[in-house]
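In my numbering, the protein residues as written are -8 to 501. One structure is given here, and the rest of the page talks about it.
Set out below in structure tokens:
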């Protein structure tokens, strides 16, 4: 984008520019508009003399800064991958509506589209699928790695650690060892190195997730099978207990593939932005993906799925829904799975999952928790409180409904370790992370190959802390009190408490 120019107010025909008058100085700036966006750095030229007594930390003479907490309206890059219109409920991958892809495509075919920009031919897809599945096998050392976790370790903690662990296996993938332009050259060798890591990360994502699952079950690990689809292999690795010719149910396999496809990318969400922020330092892609996985772990992002199922369990049964709705209105309860940061009308993915869920229910039937979910949906959709606030069910709500395959056990008495669809509750974010690896890689690859190279992401801040002050000797300091200004006291017990009461060579008795 072009630099701003100082000029008088434009006259005549409309121009693709923004005219800003700085009332501090009286200067008028013309800032070019390109693709309905302006450059934030254009404001850096809008400097002014500091006011008398103004804090030097404001750096007024160095130009204006643009403040945007939470990136509410800041575009950090130009992208060709995913388009979202939150007001209209539109989601497109590379221009293709998500509804068409969910109906006609597959997760791996869509992965090819997201990463390389076009739908593959039969031959191109055959090659891509072969490479991904071939790279799903893990080194035997990975077994020891996963066995080192406690039996009750959260699967997202294991998966996050496992992605980082992968980086230690492939020195040729590390720009710190091979040169910082390893992925940014754009030549044949650089692209081949990049693609090899893409095959590995997508292929091994299902294997790592399966290993995390089987650790929790106390089961031996399963070598990825040959001849199955991506999601078929995933289900096989999780569930096979040595049965001969074991084949996952095709309806469940297809349902999981649809879930993977619609979750493959969602533009610059928190986890994708984390991958790009980390990747901008030119770290290896395994470390960047691990960082994205950690971001996805949070309850405001991938952890939302788990929050929905816990909410439904807390409601208990359909007859308790009205009371829960009223408690939400009084802000005594939290409604999970409704509304979205981007979508202000409806989440297009939710309709796809709802339709897929109907197919799954034909072979699984329904149970009490599913009935509770449906009752909550119907009640919220009729209530003016939720209609007015545009709180429609989002994809997290319907994905949980779909993932909860009925059990003969009474779901209302179950603890958080209950198995929903064969998955522990805390495994839900993993089902989100596995497909999202594709979107993370698509954006990472795009950034590595962008025109002008990669610039490390280094946001600005508005400093509002203390001005310059001189060091005070410890004897002259006045204690500062307050919960946020002093370290918290921690209660100790067990061996720590006994040790604190003991005497030893370096310390006398208290």
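We put the CB at the ideal spot given by N, CA and C, even for glycine.
Below 8 Å between beta carbons: does that hold for residue i and residue j?
i	j	result
residue 197	residue 127	yes
residue 72	residue 81	no
residue 106	residue 189	yes
residue 33	residue 16	no
residue 69	residue 255	no
residue 425	residue 200	yes
residue 94	residue 84	no
residue 166	residue 160	no
residue 502	residue 246	A question about residue 502 goes unanswered here, because the residues of the chain that appear run from -8 up to 501.
residue 434	residue 168	no
residue 377	residue 419	no
residue 47	residue 454	no
residue 417	residue 145	yes
residue 250	residue 351	no
residue 90	residue 339	yes
residue 185	residue 436	yes
residue 262	residue 283	yes
Roughly how many angstroms lie between the CA atoms of residue i and residue j, to the nearest whole one?
i	j	result
residue 487	residue 138	27 Å
residue 482	residue 45	45 Å
residue 108	residue 87	11 Å
residue 409	residue 187	For residue 409, the predicted structure reports a pLDDT of 32, less than 50, and the residue's modelled location is therefore unreliable. The matter cannot be settled from this model.
residue 212	residue 353	31 Å
residue 21	residue 11	6 Å
residue 468	residue 327	48 Å
residue 178	residue 479	54 Å
residue 236	residue 194	22 Å
residue 52	residue 37	9 Å
residue 421	residue 305	22 Å
residue 260	residue 135	33 Å
residue 171	residue 181	11 Å
residue 112	residue 122	15 Å
residue 58	residue 489	51 Å
residue 264	residue 293	14 Å
residue 444	residue 67	14 Å
residue 143	residue 208	9 Å
residue 493	residue 140	32 Å
residue 324	residue 371	14 Å
residue 484	residue 497	22 Å
residue 430	residue 210	31 Å
residue 220	residue 119	13 Å
residue 29	residue 441	19 Å
Measure the beta-carbon distance from residue i to residue j and round it to whole angstroms, keeping in mind my assumption that it falls under 8 Å.
i	j	result
residue 158	residue 278	5 Å
residue 97	residue 275	Not really, about 29 Å apart at Cβ, beyond 8 Å.
residue 252	residue 347	Actually they do not touch by this definition, with Cβ atoms about 10 Å apart.
residue 388	residue 299	6 Å
residue 229	residue 205	7 Å
Between which two residues does the beta strand (DSSP E) harbouring residue i extend?
i	result
residue 416	Premise fails: residue 416 is in no beta strand (DSSP E) and is neither H nor E.
residue 8	8 to 13
residue 84	81 to 84
residue 132	Counting along the chain, residue 132 falls outside any beta strand (DSSP E), though it belongs to the alpha helix (DSSP H) covering 132 to 138.
residue 75	73 to 76
Along the chain, where does the alpha helix (DSSP H) containing residue i start, and where does it finish?
i	result
residue 280	276 to 287
residue 166	166 to 169
residue 214	Per DSSP, residue 214 belongs to no alpha helix (DSSP H) and is neither H nor E.
residue 20	Where residue 20 is concerned, there is no enclosing alpha helix (DSSP H), although the beta strand (DSSP E) it sits in stretches over 18 to 23.
residue 227	221 to 230
residue 29	Note, residue 29: premise wrong, no alpha helix (DSSP H); not H, not E.
residue 268	261 to 270
residue 151	146 to 158
residue 101	98 to 107
residue 124	113 to 125
residue 201	179 to 208
residue 90	89 to 95
residue 53	Per DSSP, residue 53 belongs to no alpha helix (DSSP H) and is neither H nor E.
residue 313	312 to 320
residue 485	485 to 492
Examine chain B for any beta-carbon lying closer than 8 Å to the beta-carbon of residue i, and answer yes or no.
i	result
residue 204	Checking the listed chains, one finds no chain B in this structure; it contains a single protein chain.
**Study point:** Inter-stretch contact at 8 Å, needing at least 3 Cβ pairs: the segment 285 to 305 / the segment 141 to 154
**Key:** yes
Exercise for review: Specify whether the segment 222 to 229 and the segment 200 to 209 touch according to this definition: at least 3 beta carbon pairs, one from each stretch, less than 8 Å apart.
Suggested key: yes
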